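Residue 282 is where the sequence shown starts when you use our numbering, and the numbers rise one by one after that.
Think of the CB as a built atom: it goes at the ideal place given N, C-alpha and C, for glycine as much as any other residue.
Note that the structure is predicted; figures quoted are calculated from it, not measured.
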Amino acid sequence: LRGIGLGKELLLRALDHCDRLGFKEIHLWTVQGMDAARTLYEQNGFELVEQYDGDQWGKLVREQKFIRKAPD
282 LRGIGLGKEL LLRALDHCDR LGFKEIHLWT VQGMDAARTL YEQNGFELVE
332 QYDGDQWGKL VREQKFIRKA PD
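This is the structure:
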């Protein structure tokens with residue numbers, strides 16, 4: 282199902298829902314190497330604000346925190 286826009290559609294619906302509810306910020310976390318996801322997040326107003334090493338199922342990963350501020 283990759284590449285047919287499902288992730289984008291889900292993200293846009295979630296952002297619209299959060300905007301309608303008046304959330305001032307949305308936080309999300311991912312891991313380094315998820316380049317397609319990161320591009321999607323950045324195209325939709327998210328900014329990388331923090332990175333740190335973490336453990337995911339016994340494997341060292343670089344965790345990334347993104348924030349999107351509510352539109353004015």
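Closest to I348 by CA distance: which of E306, L293 and G288 is it? E306
Beta-carbon contacts of Q332 that lie in its chain and below 8 Å, excluding the five residues immediately before and after: Cβ neighbours of Q332 beyond the five flanking positions: Q313, R343, E344, Q345 and K346.
Output the distance between the C-alpha atoms of L365 and L296, rounded to the nearest integer angstrom. Outside the shown range of the chain (282 to 353) lies residue 365, about which nothing can therefore be said.
Return the chain-ordered ranges of every alpha helix (DSSP H) run that is complete within the stretch 290 to 338 and spans a minimum of 4 residues. 316 to 324
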